[in-house]
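Chains as they are written, first to last, in our numbering: chain V, 1 to 174; chain F, 1 to 174.
C-beta atoms are modelled at their ideal positions from N, C-alpha and C, and glycine is treated no differently.
Protein chains: 2
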Amino acid sequence: MHKSKGTRRSGVPVPSDYNRSLGGAAIGARLRRLSERIDRDANRVYQAAGVTFEQRWLGVLEQLVICGPLAVNDLAKALGISHPSVSQTRDSLKKAGLIAEKADPADARRRVLQITRKGASFARKLQPVWSALDQVGRQLNAEAGDVVTALDRLEDALDRRSIFQRVTILRTPS
Amino acid sequence: MHKSKGTRRSGVPVPSDYNRSLGGAAIGARLRRLSERIDRDANRVYQAAGVTFEQRWLGVLEQLVICGPLAVNDLAKALGISHPSVSQTRDSLKKAGLIAEKADPADARRRVLQITRKGASFARKLQPVWSALDQVGRQLNAEAGDVVTALDRLEDALDRRSIFQRVTILRTPS
DNA sequence: GAGAGATAGGTAGGCACCTACGGAGTTGTC
DNA sequence: GACAACTCCGTAGGTGCCTACCTATCTCTC
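This is the structure:
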C-alpha cells in the first residue's frame with residue numbers, strides 16, 4: 001500500500017492519494033475494492049474447507065435456514081437488496097441444489113424459495129466456518145475502531161441528505 | 001433501512017441483521033452496496049452537470065492531467081488497482097476521446113496514455129463539480145465520525161493478518 | 001363486474017473491479 | 001551470444017450488485 005507522496009521538488013501539484021481520497025466520491029471506488037478484497041479473502045476460507053461457496057449465498061441461505069420458505073421479495077426486503085439480485089442468487093443456489101422453488105398457492109406471482117435437504121446439510125457443515133468468520137469479523141471491527149458504526153453513520157448521513165442533494169445545495173447560487 | 005427485529009414470541013432464532021452483520025464476512029457485501037450507492041449518487045451529479053462520466057475515469061484522468069503521460073502499469077501502481085482495470089478504463093476513455101495512447105520508444109511493451117485536448121477541456125469543465133464533491137466528501141466523513149480513518153484501520157488490520165490467516169489460526173487445534 | 005393502480009418478479013444490460021493466462025519484450029547472468 | 005528470469009500488458013471470464021423495462025397477477029374503487 002503506497003503512501004502519500006508529498007510535494008515534488010519542482011513544485012508540480014501532486015495528485016491526491018486516490019486510495020484515501022474523498023474527492024470526486026473516490027471513496028466509492030475504495031469501498032468496492034475493499035469489499036472485493038474481503039470477499040476474496042473469505043472465499044479462501046471456504047476453499048480451504050473444501051466447499052464451493054459464493055458470498056452472495058450467505059444472506060439468502062441464512063434467511064431460509066432460520067425462517068423457512070420465503071418469497072423473492074421477502075428475501076430482498078429482509079436483506080436490503082433488489083429482487084433481481086435475489087433472483088440471480090436463487091438461480092445460482094438452485095443450480096447447486098441447495099434450494100428449491102415453488103409457486104405460492106395464495107398468489108400466483110410469488111416465487112417461494114426453500115432450503116433443500118442438501119442445502120440444510122451444507123449449512124450445517126458450514127456452521128463452524130461461519131462461527132470462525134463471525135469471530136474474525138468482531139476482531140477486525142475492534143481493531144478498526146468500530147468500522148461498522150462508522151459505516152452506519154455514513155449511511156445515516158446519506159439517508160438524511162444524498163450526495164446529489166448536497167452538491168446541488170453547494171452549487172446553487174445563494 | 002430496516003431495523004433489528006429482536007426475538008420473536010415463539011423463541012425462533014432471528015437471523016442477524018444482514019446489513020450490519022460481521023458474520024460470514026457479510027461486511028464485504030455491505031461495502032459493495034454502499035460503494036454502488038455512492039457511485040450512483042455521484043453520477044447523478046455528473047448527469048445534472050450535463051456530462052457523461054464513469055466513476056472509474058476519476059483516478060486515471062486526475063493522474064494524467066496532473067502528471068502528464070503515464071504507462072498502464074504506472075497508473076495501476078499509482079491508483080492501487082490492477083493493470084487490466086486500467087486497460088479497461090483506458091478503452092472507455094479512448095472511446096470518449098478523452099485520452100490517447102502511444103507506444104513508449106524506450107520499451108516496446110509499455111503503453112503510454114495521455115490526455116487529449118478534449119480530455120483536458122473536459123477536466124477543466126469538471127473542476128467545479130470535483131471541488132463540490134470534495135467538499136461533500138469531507139462533510140460526510142465528518143458526519144460519519146471519520147469513516148476514512150476507520151477504513152484505514154481495517155485495511156491495516158487486514159494487511160497485518162488476513163481473514164484467511166485469522167480463521168486458520170482459530171480453527172487449528174491447539 | 002370493470003378498470004385503475006399497485007405489487008411480484010423475470011429479463012436484459014450495465015458497472016467496476018478482480019484473477020488467470022499467455023505472448024512479447026527487456027534485463028541479468030553465464 | 002544464449003538463455004533464464006523478470007516485466008508489461010492484452011484477453012477472457014468471473015463476481016455481485018444495480019436500474020430499466022416488461023408481463024402477469026392481485027387489490028381497491030366505483
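Residue-chain proximity (Glu143(F), chain V), Cβ-Cβ < 8 Å
yes
Going by DSSP, what residues sit across from Lys102(V) in a beta bridge?
Val112(V)
Would a check of beta-carbon distances place Leu75(F) closer than 8 Å to chain V?
no
With 8 Å set as the bound, which would you pick, yes or no: does the beta-carbon of Asp91(V) sit closer than that to a beta-carbon of chain F?
no
Which residues of the stretch 111-124 of chain F have a Cβ closer than 9 Å to any Cβ of chain V? Give them in chain order.
none
Leu98(F) at chain V interface by Cβ criterion, 8 Å:
no
Beta-carbon neighbours of Gly137(F), restricted to chain V and to distances below 7 Å:
Leu22, Gly23, Ala25 and Ile27
Apart from the five residues on each side of it in sequence, which residues of its chain come closer than 7 Å, Cβ to Cβ, to Asn73(V)?
His83
Shortest alpha-carbon distance to Ala108(F) belongs to which of Cys67(F), Arg40(F), Ala71(F) and Val167(F)?
Ala71(F)
Compare the beta carbon distance of Ala42(F) and Gly23(V) with 8 Å and say whether it is the shorter of the two.
no
Determine the extent of the alpha helix (DSSP H) in which Asn73(F) is found, giving its start and end residues.
Val72 to Leu79
Since Ala150(V) contacts Val147(F) with CB under 8 Å, what's their CB separation in whole angstroms?
4 Å
Cβ of Ala106(F) within 8 Å of any chain V Cβ:
no
Reduced DSSP category for Arg160(F) - H, G, I as helix; E, B as strand; rest coil:
helix
Within 8 Å, strictly: CB atoms of Leu154(V) and Tyr18(F)
no
Does the ligand FMN have a heavy atom nearer than 7 Å to the CB of Ala96(V)?
With respect to the ligand FMN, the structure offers nothing, as it holds no ligand at all.
Can you pull out the residues from the stretch 27-41 of chain F whose beta carbon lies closer than 8 Å to at least one beta carbon of chain V?
Ile27, Gly28, Ala29, Arg30, Leu31, Arg32, Arg33, Leu34, Ser35, Glu36, Arg37, Ile38, Asp39 and Asp41
Can you confirm whether Gln55(F), when its beta carbon is compared against all beta carbons of chain V, has any partner nearer than 8 Å?
yes
Alpha-carbon to alpha-carbon, Leu34(F) and Gln139(V):
22 Å
So if DSSP puts Asp107(F) in a beta bridge, which residue, or which two residues, is it bridged to?
Asp104(F)
What residue from Leu98(F), Gly68(F), Val60(F) and Lys95(F) has the CA that sits closest to Ser85(F)'s CA?
Val60(F)
Straight-line gap, Ala103(F) to Leu64(F) (C-alpha atoms, nearest Å):
16 Å
Do Leu31(V) and Ile38(F) have their beta-carbon atoms positioned less than 8 Å apart in this structure?
yes
Using only CA atoms, which one of Asp159(V), Ala26(V), Arg44(V) and Gln55(V) lies nearest to Glu143(F)?
Asp159(V)
Rounded to whole angstroms, what's the CA-CA distance from Leu175(F) to Ala26(V)? Just pull it up for me.
The structure shown does not extend to residue 175(F), since chain F spans only 1 to 174, so no value can be given for it.
Please decide whether Ala71(V) counts as near chain F, where near means a Cβ-Cβ distance under 8 Å.
no
Alpha carbon to alpha carbon, what distance is there between Ile81(F) and Leu170(V)?
31 Å
Would Val45(F) and Val167(V) qualify as a contact pair, given that the criterion is a beta-carbon distance under 8 Å?
yes
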